[in-house]
Each structure stands twice: as structure tokens, then as C-alpha cells.
Amino acid sequence: MRTMLLAMVVLTTGYALAQEMPKPGKEHEFLKKAEGTWEVITKMSGTESKGTATYKMDLGGFWLQSTFEGEMFGAKFTGKSVEGFCPIKKKYTSTWTDSMSPSLIVMEGTYDEKTKTMTQTGEGPGMDGKLTKLKSITEYTDANTMKFSMYMGDEKEPAFVMAYTRKK
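Everything in the sequence shown is counted per the numbering used here, starting at 241 for the first residue and increasing by one.
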């Protein structure tokens, strides 16, 4: 087993050295604009809660990582995301996991420069805990304001909306 692992390392290292290493592109520069700390107001099911989200580019400038801390329905709530751009699919990708669910959400989509809107789709747990279609829309109002809306199933109205304001 060790010999096979060593052979794989030697072969892949040689291949990687023969190729030019990838570099972050304009899509990663776009993601980098979110770096910093944001105050967040979440509206869901007639309730409103506050939190803080911190974003930082990592892993060679390819991945935007975030940590969200706040409250949800009177309980402490923590979530983490990783966002990037897949040059093979030509799509933005994101993952989300949090302290209230054992399921990882994976989504992908595109950014429309004209409307300053990111739209992603995927699957994840719905409000009933069953697997459902998800769609998120993030509107980038300006450098210090964004609005995230999450749609579940075939609903026409978002299940929740999060308003982000950059901390100064």
C-alpha cells in the first residue's frame, strides 16, 4: 500500500511540475470583494434575527470561506460556507453547513454582471427535513450591501432573506 501511495505521489508531482499551476482569475477577484465582516439581519417565518458573517479568501486565492454566527429561533446558530469558481464547468460553486443540520448543501450557478445577481441551484434539506430543490439569489447592491434570498421547492416567495451590511 505504501509503495502504491509513493508511486502516486511521484507520478502526480511530476505531472503537476510539467504543467503551469493554475492562478485565481477574475471570478475569484469578484469573490474576494466580499472579504471582511458583515452585520446580517435574517427574516424568516415572521421572525427577525441578527448575526455576523466573516469572509476571507484562502487556499491560494481560489476559495472564499465564511463563518456565520448568530441566533435562530432563540438558539445559538453557526454556519460555514466555502465558495469558488469551477473553470471546467464555468460556474460558481458553494457549500454550506451549519449547527442545526447534519446535511451539507452543495450549489452551483452563475453571476449576471448586468443585474449584479448570483443565482445558484442545488438540493438540501427543506423545512420538513426532506430533500428538496433549493435556489439562492444574491443581489450585490453595492460594495457594502448585499441581499441573499433562499427559495425551497417550487415556492415563489423566499423561505428566508438575509440583508448584509459591511461593518466599518
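Quick reminder that beta carbons are idealized off the backbone N, C-alpha and C, glycines included.
DSSP has Glu288 in a bridge; who is on the other side?
Lys283
Euclidean distance between Cα positions of Glu363 and Lys408:
35 Å
Straight-line gap, Leu344 to Lys354 (C-alpha atoms, nearest Å)
31 Å
Just the Cα atoms here: how many angstroms apart are Asn384 and Lys356?
13 Å
Buried or exposed (CB count within 10 angstroms, at least 16 for buried), Leu374:
buried
Measure the C-alpha to C-alpha separation of Thr361 and Trp336 and round it to an integer number of angstroms.
13 Å
Considering Leu374, what are the terminal residues of the beta strand (DSSP E) in which it resides?
371-382
In the DSSP assignment, find the beta strand (DSSP E) that holds Lys387 and state where it starts and stops.
385-392
Thr282 and Phe400: beta carbons closer than 8 Å?
yes
With a cut-off of 8 Å on the beta carbons, I'd call Gly310 and Ser289 a contact; round off their distance for me.
6 Å
Glu269: first and last residue of the uninterrupted alpha helix (DSSP H) it sits in
266-272
Gly301 and Pro327: beta carbons closer than 8 Å?
no
Integer Cβ distance of Glu348 from Lys331, believed to fall under 8 Å:
5 Å
Taking just the CA atoms, how far does Glu260 sit from Thr388?
A quick correction: the sequence has Phe, not Thr, at residue 388. Taking the straight line from one Cα to the other gives about 36 Å.
Checking 8 Å against the spacing of the C-beta atoms, do Thr227 and Glu275 come in under that value?
The chain is shown from 241 up to 408; residue 227 falls before or after that span and cannot be answered.
Gly324 versus Glu267 - alpha carbon distance
8 Å
For Phe400, does the three-state DSSP call read helix, strand or coil?
strand
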